[in-house]
Amino acid sequence: MRFLGNVLATIVGLFLFIMIFFFGILIIGALFGGDSETVTVKSDSVIELDLENISNDYAGKYKDPLITLFSEGKNVGISDVIDAINNAKDDSDIKGISILNNHFMPGMAQSKALRDALEDFKKSGKFVVAYADYYTQKEYYMNSVADTIYLNPVGQMDFKGLSSELMFFKDLQEKSG
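Numbering (this note's numbering), first residue to last: 1 to 177.
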């Protein structure tokens with residue numbers, strides 16, 4: 001009987017140790033991963049917009065220390081980038097945007113939303129410059145709003161078109177009913 005009591009006490013103690021350790025790690029992560037630093041913008045600044053870091057429509061605003069431990073980069077959403085572009089449009093210290101365009105993952109709808117925000121930014125009299133090692137049709141469409149588009153001298157362009165055409169077999173449909 002004493003053996004079962006010792007086994008049960010060991011299991012309960014191990015469980016409590018794991019729970020305390022887990023919550024301790026969460027508390028430490030919350031303390032050190034807390035508030036972000038305030039950024040001061042110097043006059044005549046240019047925003048470097050790296051499109052490789054944009055992966056989602058919306059990135060959550062919560063701080064989860066476990067996600068930051070296991071993710072390689074920042075989780076930036078299209079909505080965050082569009083908000084930043086809209087804020088930069090009204091900031092007199094920002095003179096333009098430089099787009100670094102390598103491996104832009106979101107789809108055409110997100111590309112159009114980002115392009116519209118860049119076009120609105122450009123209407124404020126500020127410049128937009130784009131650079132890439134490789135342009136797909138989607139990336140080139142999004143960057144076509146830029147004043148100047150640069151491509152690496154040994155870079156590539158991959159345009160396949162946006163239209164599709166359905167084949168219509170009139171005789172086949174009449175025969176098959």
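All residues carry an ideal CB built from backbone N, CA and C; glycine is no exception.
In the structure shown, the three-state DSSP call for LEU151 is strand. With contact defined as three or more Cβ pairs closer than 8 Å, the stretch 78-94 and the stretch 128-140 are not in contact.
Note that the C-beta distance between TYR140 and MET167 is not below 9 Å. In the displayed model, GLU119 falls within a helix according to three-state DSSP. Comparing alpha-carbon positions, the option among SER163, ARG115 and ILE99 lying closest to ILE47 turns out to be ILE99.
DSSP lists ASP50 and TYR131 as the beta-bridge partner residues of LEU100. With fewer than 16 other CB atoms across the displayed protein chains lying within 10 angstroms of its CB, ALA9 is exposed.
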